[in-house]
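Worksheet: one structure, shown below.
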Amino acid sequence: MLTDRYGLSLTTTSSAARDAYVAGCEAKLTAQPTALAAFDRAIAADPGFALAHAAKAHLLLERGDAAAARTSIATANSFAAGFSEREASHVAFFARLVAGDSAAALAALPAHLDAWPRDALVLGTTAFTNGLIGSSGRAGQKRRLLELLDRLAPHYGDDWWFAAHHGMALSENGQRAAARPRIDRSLAQNPKNPWAAHARAHLCYEAGEADAARAFLASWLVAYPRDGALYSHLSWHRALGELEAGDAATAARLFAEAFASDVHSGPPRGRVNDAVSFLWRWELAGHPRDTEAWRIMHDFANSAFPRAGVAFSDMHIALAQAVAGNAAALAARATQIGELAQTGRYPSGPCVPAVARGFAAFERGDFAAAIDALEPI
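Numbering (our numbering), first residue to last: 162 to 538.
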């Protein structure tokens, strides 16, 4: 039987389909723009290859095309009779994500990875900082992610893709001395891996190495495709370094050219998070408000995400609403969060509404109220 890069069996008899699927998985796991074309080649070689349809579905979802994602996952499920147990669990996991039920997907994650720890495509949905665990809003989510990756580490050995995420998780939990050699090893094995570049950018930021981050990213980004999913986010990281170094002109240029909402290479949530957080930090660094940029982000965020769903993004959307003075939208999102929390579908509970109240109080200059909102959390 044919297998993937991690030794997992695949229900296809076509070597061409397998080879294209493996190439697509590596491109997807490393945020390269060639993934979709590779999955399409796999499907062309074997139209009944369910895992290729499921991978395509999630990739389309990440790109914001929910309707096409639903079509692809339905096609994957139409071949259920030929699934192995692992493939059935794999497709069901991605079907939950495509259906918009990230809480159910997160709940299913541990059992699936216990049974098939080397299912990297499933692990890839949560291995990065703002994956399923990181964006859930759960208390202790950084520690929880590191515990998961620590447990899985023996199954991956010296794998460069895993090492980048493991190093990042160590860094995020304050274990920088342990993180650095893993990140460096990942980059040495595959210098083109954007997740390793991302991990190094975070490590430099946490270690106060702004100049090192600026130099590294300015050099590394030259060879990364402009339409790669992490290009804009890594440019955001570089812009933070430029802000810290006092080079406002370069930071502003990077925003306009690389990660403003109309040029962002990543998914819709990334377009919101990067632009909103940069505009806020720009002001905190002492620069004047870009009212038009804030208006654009407010309108895009409310159009793309009319309802609450993911805590990390909801905080950024609330900030855009607070800056816009849109009290009605802030109140509506808080109500939606409350409704989700009551049904167990919003793990952070009252945290995001409290942050939103803090943002709104800060905006109107009521700093005592901002402290009152933020201090308890």
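All C-beta atoms in this analysis are idealised placements derived from N, C-alpha and C, irrespective of residue type, glycine included.
Assuming Thr463 and Ala490 form a contact by the criterion Cβ under 8 Å, report the distance between their Cβ atoms to the nearest whole angstrom.
Along the sequence shown, read from residue 1 onward, the residue named residue 463 stands at position 302. Along the sequence shown, read from residue 1 onward, the residue named residue 490 stands at position 329. According to the sequence displayed, residue 463 carries Asn and not Thr. Confirmed, about 6 Å.
To the nearest angstrom, how far is the alpha carbon of Asp435 from that of Ile294?
Taking the first residue of the sequence shown as position 1, residue 435 is located at position 274. Taking the first residue of the sequence shown as position 1, residue 294 is located at position 133. So the two alpha carbons sit approximately 19 Å from each other.
Would you kindly work out how many angstroms separate the C-alpha atoms of Arg341 and Ala492, rounded to a whole number?
Counted from its first residue, the sequence shown places residue 341 at position 180. Counted from its first residue, the sequence shown places residue 492 at position 331. Those two C-alpha atoms are separated by around 43 Å.
Tell me Thr164's beta-bridge partners as DSSP assigns them.
Counting from 1 along the sequence shown, the entry for residue 164 is found at position 3. BP columns for Thr164 point to Ser170.
Length of the line joining the Cα atoms of Leu364 and Ala338:
Indexing the sequence shown from 1 puts residue 364 at position 203. Indexing the sequence shown from 1 puts residue 338 at position 177. If you take the alpha carbons of Leu364 and Ala338, they lie about 10 Å apart.
Check whether chain C comes within 7 Å of Ala300, counting only Cβ atoms and requiring the distance to be less than that.
Note that chain C does not occur in the displayed structure, where there is just one protein chain.
Hey, Thr236 and His214: beta-carbon distance below 7 Å or not?
For this step, residue 236 is matched to residue 75 along the sequence shown. For this step, residue 214 is matched to residue 53 along the sequence shown. Contact: yes.
Nearest by alpha-carbon distance to Ala371: which of Thr173, Glu405, Ala253, Ala454 is it?
As a working mapping, residue 371 is identified with position 210 in the sequence shown. Ranking Thr173, Glu405, Ala253, Ala454 by Cα distance to Ala371 puts Glu405 first.
What residue from Arg305, Arg279, Asp280 has the CA that sits closest to Asn291's CA?
Here residue 291 is taken as the residue at index 130 of the sequence shown, counted from 1. Closest by alpha carbon: Arg305.
Would you call the stretch 202 to 211 and the stretch 238 to 253 touching, i.e. three or more CB-CB distances under 8 Å?
yes
Considering just the uninterrupted stretch of the alpha helix (DSSP H) at Gln302, what are its terminal residues?
Within the sequence shown, residue 302 is the residue found at index 141, counting from 1. Start and end: 302 to 317.
Below 8 Å on the Cβ atoms is my contact criterion, and I expect His448 with Ala485 to pass it. Report the Cβ-Cβ distance as a whole number of Å.
The residue given as residue 448 occupies position 287 in the sequence shown. The residue given as residue 485 occupies position 324 in the sequence shown. Actually they are not in contact, since the Cβ atoms of His448 and Ala485 sit about 19 Å apart, beyond 8 Å.
Apply the 10 Å Cβ neighbour rule to Ser551 and answer buried if 16 or more other Cβ atoms are within range, or exposed otherwise.
Residue 551 lies beyond the stretch modelled for the chain, which goes from 162 to 538, so this question has no answer here.
What's the call for Asp475, buried or exposed, on a 16-neighbour Cβ count within 10 Å?
Taking the sequence shown and counting its residues from 1, the one referred to as residue 475 is at position 314. It is buried - the Cβ of Asp475 has at least 16 other Cβ atoms within 10 Å.
Buried or exposed: where does Leu445 fall if 16 or more other Cβ atoms within 10 Å of its Cβ makes it buried?
As a first step, residue 445 is located in the sequence shown; it is residue number 284 there, counting from the start. Around the beta carbon of Leu445, fewer than 16 other beta carbons lie within 10 angstroms, which makes this residue exposed.
Report yes if the C-beta distance between Ala517 and Ala465 is below 7 Å; otherwise report no.
For the purposes of this step, residue 517 is taken as residue 356 along the sequence shown, with counting starting at 1. For the purposes of this step, residue 465 is taken as residue 304 along the sequence shown, with counting starting at 1. The answer is no: Cβ separation not under 7 Å.
Is the separation between the beta-carbon of Glu403 and that of Ala417 shorter than 7 Å?
Stepping through the sequence shown from its first residue, residue 403 is reached at position 242. Stepping through the sequence shown from its first residue, residue 417 is reached at position 256. No, these two residues do not count as a Cβ contact at 7 Å.
Can you find at least 3 beta carbon pairs, one from the stretch 269 to 287 and one from the stretch 509 to 525, that sit closer than 8 Å?
Flag = no, the stretch 269 to 287 and the stretch 509 to 525 do not touch.
Proximity of Gln497 and Ala469 at Cβ, strictly below 7 Å
As a first step, residue 497 is located in the sequence shown; it is residue number 336 there, counting from the start. As a first step, residue 469 is located in the sequence shown; it is residue number 308 there, counting from the start. Result yes, Cβ atoms of Gln497 and Ala469 sit closer than 7 Å.
Ala131 to Arg387 span [Cα, whole Å]
Since the displayed the chain opens at 162 and closes at 538, residue 131 lies outside it and no answer follows.
Residue environment, Thr173, which counts as buried when at least 16 other CB atoms sit within 10 Å
As a position in the sequence shown, residue 173 is number 12, starting the count at 1. The residue in question, Thr173, is buried, as its Cβ has 16 or more Cβ neighbours within 10 Å.
Since Ser176 is in the alpha helix (DSSP H), which residue starts that stretch and which ends it?
Stepping through the sequence shown from its first residue, residue 176 is reached at position 15. Where Ser176 is concerned, the enclosing alpha helix (DSSP H) stretches over 176 to 190.
Should Phe200 be labelled buried (16 or more other beta-carbon atoms within 10 Å of its own) or exposed?
Position 39 of the sequence shown, counted from the start, is the residue given in the question as residue 200. The residue is buried, with at least 16 neighbouring Cβ atoms inside 10 Å.
Taking His398 as the reference, which of Gln302, Phe439, Glu500 has the closest Cα?
Within the sequence shown, numbered from 1, the residue matching residue 398 stands at position 237. Of the listed residues, the one whose Cα sits closest to His398 is Phe439.
Taking the alpha helix (DSSP H) that Leu401 falls in, what are its first and last residues?
Here residue 401 refers to the residue found at position 240 when the sequence shown is read from its first residue. 392 to 406 is the span of the alpha helix (DSSP H), which, as asked, contains Leu401.
Go ahead and label Thr452 buried or exposed: buried means 16 or more other beta carbons lie within 10 angstroms of its beta carbon, across all protein chains shown.
Taking the sequence shown and counting its residues from 1, one reaches residue 452 at position 291. Label assigned to Thr452: exposed.
Residues in the same chain with beta-carbon distance under 6 Å from Ala472, minus the five sequence neighbours each way, listed in chain order, please.
In the sequence shown, the residue the question calls residue 472 occupies position 311. Excluding residues within five positions, the ones whose Cβ falls inside 6 Å are Gly298, Ser509, Val513.
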